[in-house]
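A quick write-up on the structure given underneath.
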Amino acid sequence: MNTPLSQPSLWQKLSDFQLDDAPEAAVQFSDKLIKEQKWSPEFAKRAMAEYKKFLYLCLTMPQGASPSEVVDEVWHLHLTYTQSYWQKLCGEVLQRQLHHYPNQGGASENQRHRDWYADTLIAYVKEFQELPPADCWPLPKGLALEDHLAPTSPFRTPTLQATPQWDGHTYWPIGALVIGLCSLGMFMLSGPHFLLTFPLLMAWAWWGTYLKIQYKRRVMGEAARQLHPYHFAALFKNTETLFRALVADFAERGWIRYQDEGKFGWDAQVQQPMLYSLQAQDKKELPAGLLRAFLYPFAETMSKKAVALKNELAKDVAVGLFQWWVIMVGLARVAQGIVNDKPVIFLLLLLIVYVLVWIVLAQLPLIDKEVKLGYQSQDWGGYITAGALTFLLLDSSYSLGSNQTLQGVFGKPSKNSGGGEGGTGCSSGGDGGGGGCGGGCGGCGGCGGS
């Protein structure tokens, strides 16, 4: 995971530079940004971190960099703090003048700035080995940023070289035949004959559920051999679990550390993707809520990258249709029996047994002991720490130190927790610079030095 920056000393200076540099002021830079842009405090902090990354790119790209709309708003406000911008940032940190050049307008100029913005995003990925957060840096259509990530990057779209095949191919033809025959004659059977036939339908539906579970277990085993642990979590867990695995992994490596009163600190020297935004913060410790605001979007991005593979693996295993059809047939016969004043108690008992067995089968663990042991036995040292991997596979508690656990800090995770918890507080529309800057649709063009 070690991907050093091209100019680490420059990044160190920028990350140490404080935008909120007037502790005696009643209204800080971030407060004014929040008020003027109507951003949440969490999003404002993230936008300020992206602004520092933009400043880094301005000096490392030969032609300078072009900002997104969100980043440009931070830049515009910073320009009004003349002493902070010209004297401290340009004079002391960058040691050069960094000018704000507006887009002059016109078709050719707009296209030039769209290309410039695309080049900026590519440089962003090459330097930081992260995909730019879409709510801060809108992605132009057709721009393949993944091509510029390291081969082992967790931000790449996960793929399986060898995908297990669904072996229930005979299940559907027979099931379709049974449905057809039963649809024609099921309601003409006498009560005793129906009670002899219905359990066969139940058994066939249970068999389909079992086949689906076995298929998913084979998928799990193959994924355990091929996928990055973060991809494994994105595919078979949920976004909240992946976020907590990131926290556990970073804590195990010493990149972040839990401190008293629910706050986290971090290593200001290590050069690692997903840590740069933390290093760019003015304060060198953050409450758990702000740590979530910075790391959760990364987990969300990885989860979205896994959607295509997740959908691919779900094909041809939708046995639920047959399962629900069995229930509907049973309920229809119950209604028929009640209308005809026939006893239905035995059929109701069969339906209850059917549903209970269905529930039990659905609760069978997909990640079995063999998969867990096989995954843990592999050498994942370069990808994830042993402690974080144990947390990920076994859903075990993870201690952050100071008698505190992940669950104690972030609360009990919801079973349905997936995307949408990042708390970004703002989104930026448009393609390629958000329409206002960087993308060449008017507004500012980018930076240039002198």
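Letter 388 of the sequence shown, counting from 1, is numbered 1688 in the working numbering, and no numbers are missing. From the three backbone atoms N, C-alpha and C, an ideal C-beta is built for every residue, glycine too.
In the DSSP assignment, glycine 1521 falls outside any beta strand (DSSP E) and within the unbroken alpha helix (DSSP H) covering 1491 to 1526. In the displayed model, threonine 1382 falls within a helix according to three-state DSSP. Checking the DSSP bridge columns, you'll see histidine 1531 has no partner listed.
Contact between glutamine 1581 and lysine 1345 holds: CB atoms are separated by about 7 Å, below the 8 Å threshold. One Cα belongs to phenylalanine 1354, the other to leucine 1445, and the distance between them is close to 17 Å.
In the DSSP assignment, glycine 1701 forms a beta bridge with Gln1704.
Where leucine 1575 is concerned, there is no enclosing beta strand (DSSP E), because DSSP gives it neither an H nor an E. CA-to-CA, the gap between phenylalanine 1564 and glutamine 1623 works out to about 49 Å. Annotated three-state conformation of phenylalanine 1564 is strand, per DSSP. The C-alpha of lysine 1352 lies about 14 Å from the C-alpha of threonine 1420. For the pair isoleucine 1513 and leucine 1609, the CB atoms are not nearer than the 9 Å cut-off. Listed as beta-bridge partners of proline 1587 by DSSP are Lys1563. In this structure alanine 1534 is in contact with serine 1603, their Cβ atoms being roughly 5 Å apart against a cut-off of 8 Å. Contact annotation: the segment 1390 to 1410 does not touch the segment 1425 to 1436, with fewer than three C-beta pairs closer than 8 Å. In the DSSP annotation of this structure, the continuous segment of the alpha helix (DSSP H) that includes tyrosine 1424 starts and ends at 1407 to 1428. In the DSSP assignment, lysine 1313 falls within the alpha helix (DSSP H) that extends over 1308 to 1316. Within its own chain, the residues whose Cβ lies closer than 7 Å to the Cβ of cysteine 1358, once the five positions on either side in sequence are excluded, are Gly1364, Ala1365, Leu1398, Cys1747, listed in chain order.
Secondary structure note for threonine 1360: its alpha helix (DSSP H) is the uninterrupted segment 1341 to 1360. When Asn1703, Leu1621, Leu1460, Leu1578 are compared, the shortest CA-CA separation from asparagine 1611 is found for Leu1460.
In this model, alanine 1662 and isoleucine 1645 are separated by some 26 Å (Cα to Cα). In this structure, the CA atom of leucine 1527 is about 15 Å from the CA atom of threonine 1685.
Between methionine 1520 and the set Gln1395, Tyr1510, Asp1321, Phe1532, the nearest pair of CA atoms involves Phe1532. According to DSSP, residue pairing for arginine 1557 in a beta bridge involves Gly1565. Annotated as distal: phenylalanine 1329 and leucine 1379, with beta-carbon spacing of 9 Å or more. In the displayed model, asparagine 1538 falls within coil according to three-state DSSP, outside both helix and strand. Within the same chain, Cβ atoms closer than 6 Å to the Cβ of leucine 1586 are found at Phe1564, the five residues on either side in sequence being excluded. Contact between phenylalanine 1691 and tyrosine 1698 is confirmed by a C-beta separation of about 4 Å, below the 8 Å threshold. Counting the other Cβ atoms within 10 Å of the Cβ of glutamine 1383 gives fewer than 16, which makes it exposed. Alanine 1349 and alanine 1523 have their C-alpha atoms roughly 35 Å apart. Nearest to alanine 1551 by C-alpha distance, out of Lys1537, Asn1538, Asp1567, is Asp1567. Taking 8 Å as the upper bound for CB-CB distance, phenylalanine 1598 and methionine 1574 are in contact here, some 5 Å apart.
Straight-line measurement puts the Cα of arginine 1412 at about 15 Å from the Cα of leucine 1443. If you draw a straight line from the Cα of glycine 1637 to the Cα of phenylalanine 1455, it comes to about 58 Å. By the C-beta density criterion, leucine 1394 is buried, having at least 16 other C-beta atoms within 10 angstroms.
Per DSSP, reduced to three states, the secondary structure at lysine 1441 is coil, with no helix or strand assignment. Of the residues Phe1710, Pro1440, Ala1326, Phe1317, the one whose Cα lies closest to the Cα of glycine 1391 is Phe1317.
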